[in-house]
Amino acid sequence: MAGLLKGCDEWKPFIAMLTVDFAFSIVNILLEKVLNEGINHLVLITYRLSISAAFLGPIGYFWERMESVNIKSNSGRAKVVGTLVCVGGAMVLTLYKGMPLFTHSHSHLQTSLKPHQAMEHIKLVSYRKRKAEKWTIGCVALGAGTLLWSSWFLLQSKIGKRYPYQYSSTAIMSFFGAIQSAVLALSTRRNLSIWLLKGKIQIITVLYAGTVGSGLCYVGMAWCVKKRGPVFTSAFSPLVQIMAALFDITILHEELHFGSLLGSIIVIVGLYILLWGKNKELQNHATKVAQQVEEVKEQELQLQVISVSCDSKCP
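Shown next, in the form of structure tokens:
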């Protein structure tokens, strides 16, 4: 029974991170939809973080009154290689589109729609084709965001040791983040109409992204960082891209491109290598601890034998 409970405890961080990635993928889908509708991104961030702070603040108040790499070992090399492969797969998923492997028939969709709906759909498709994609700015922003995102895991590992209260720390982070984004939004756009949410989908997105995306998901990641470290927790981040791509294909009927498939395979392989390295490292650490315990016991036994022999020789 004790072994079963220990096995369940070991799997909790895996289950927690898979749940977090699943929730984040839904957040990404909803954010993409409302951003395409024209909502201001700073306003969206302000609402999201404000809801997160308001949601987690009371919970934290009433409920809550790292990583080293030995490149010479197989586990250390596996961790480095797995991390690089995961990053490479995520970059392929994000930057490389490739040819479509299969497409959903637009003609069938148009026949099932009313004439004015079909015309709006055609206009939307043509608008997306004409829309210029600023890849350079996007890549720079993506790289900067990834760097800051990875630094959060490292900071969280330090914060968790001195302030091990996930709900309160996440609420404080969301509160100050909301203030910063609100100041930026007000300084760049003086039009108050941008603060009005239009339609149910925008309201649902803000509420879900605030309570789940910036609230419970960050609490779960902070807990995983405390339990298994920043490298283990951050290794699951590329899975969000895979889950979001699956939602795009199955629910939103987007095209499946070769880049998405290739990037997903690379991410899974890299994650497996990284987790294998982490598991191997934990096993080696446990073996060393067991050996040290045995050595201490042997030394104590030898001291006892020497003490007994000395006592027997004394008159």
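First residue of the sequence shown: 1, per full-length UniProt numbering; consecutive thereafter. Ideal placement from N, C-alpha and C gives every residue a C-beta, glycine not left out. Quick caveat, the model's predicted, so the values are computed rather than measured.
Run the CB neighbour count on residue i, radius 10 Å, all protein chains shown included, and call it buried at 16 or more, exposed below.
i: Pro58; result: exposed
i: Glu281; result: buried
i: Leu216; result: buried
i: Ser237; result: buried
i: Arg48; result: buried
i: Gln283; result: exposed
i: Ala46; result: Correcting the residue identity first, residue 46 is Thr in this sequence and not Ala. Thr46 is buried by the Cβ-count criterion.
i: Trp223; result: buried
i: Gly199; result: exposed
i: Leu109; result: Confidence at Leu109 is low in this model, with a pLDDT of 44, below 50, so the placement of that residue is unreliable and no value is reported for it.
In angstroms with no decimal places, state the Cα-to-Cα distance between residue i and residue j.
i: Ser52; j: Ile39; result: 19 Å
i: Asp248; j: Val34; result: 15 Å
i: Gln291; j: Ser181; result: 53 Å
i: Ala23; j: Leu196; result: 25 Å
i: Ser150; j: Ser168; result: 21 Å
i: Leu186; j: Val81; result: 44 Å
i: Met221; j: Ser157; result: 10 Å
i: Tyr272; j: Ile194; result: 44 Å
i: Asn36; j: Ile26; result: 16 Å
i: Leu246; j: Val296; result: 54 Å
My assumption, with CB atoms under 8 Å, is that residue i sits in contact with residue j. Please give the rounded CB distance.
i: Gly270; j: Val85; result: 3 Å
i: Leu42; j: Thr188; result: 7 Å
i: Gly60; j: Tyr165; result: 6 Å
i: Phe62; j: Thr211; result: That pair is no contact at about 17 Å.
Looking at the structure shown, is residue i part of a helix, part of a strand, or coil, going by DSSP?
i: Ala235; result: coil
i: Asn40; result: coil
i: Glu255; result: coil
i: Asp9; result: helix
i: Leu142; result: helix
i: Arg189; result: coil
i: Gly210; result: helix
i: Lys198; result: coil
Practice item. Could you tell me whether the region 174-190 touches the region 222-237, where touching means 3 or more Cβ pairs closer than 8 Å? Key: no
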